[in-house]
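> There's a structure below that I have some questions on.
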Amino acid sequence: MIHTNWEVLQLKRKQKDLKGAILFAPYPIFTILCSYLAWHFSGYRMIIFQFWYQVSAVVWVIL
Numbered sequence: 001m002i003h004t005n006w007e008v009l010q011l012k013r014k015q016k017d018l019k020g021a022i023l024f025a026p027y028p029i030f031t032i033l034c035s036y037l038a039w040h041f042s043g044y045r046m047i048i049f050q051f052w053y054q055v056s057a058v059v060w061v062i063l
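Under the UniProt record's numbering, the first residue of the sequence shown carries the number 1, and numbering increases by one thereafter.
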């Protein structure tokens, strides 16, 4: 089976979109969870924010 360059590019794009969707799907849940924890454990608010920020930076670098 011979693939044209266009078909190969479309396949790679679909794979990248799927990878992004898999990585991005749990991110809003993670953000809500961090917000909830920071609200209820105000003494640890800065530590929770730093953890959230570091994880967010890694997610966006991967995407």
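Glycine included, each C-beta is placed from N, C-alpha and C at the ideal position. If you're wondering where the values come from, they're calculated on a predicted model, not measured in any experiment.
(1) Which residue comes first and which comes last in the alpha helix (DSSP H) that contains P28?
(2) Taking 7 Å as the limit between beta carbons, can you name the residues of its chain near L37, skipping five residues before and five after?
(3) Would you give the residue range spanned by the alpha helix (DSSP H) that Y53 belongs to?
Here's the rundown:
(1) Where P28 is concerned, the enclosing alpha helix (DSSP H) stretches over Y27 to H40.
(2) Closer than 7 Å at Cβ, skipping near neighbours: I48.
(3) Y53 -> alpha helix (DSSP H) spans R45 to I62.
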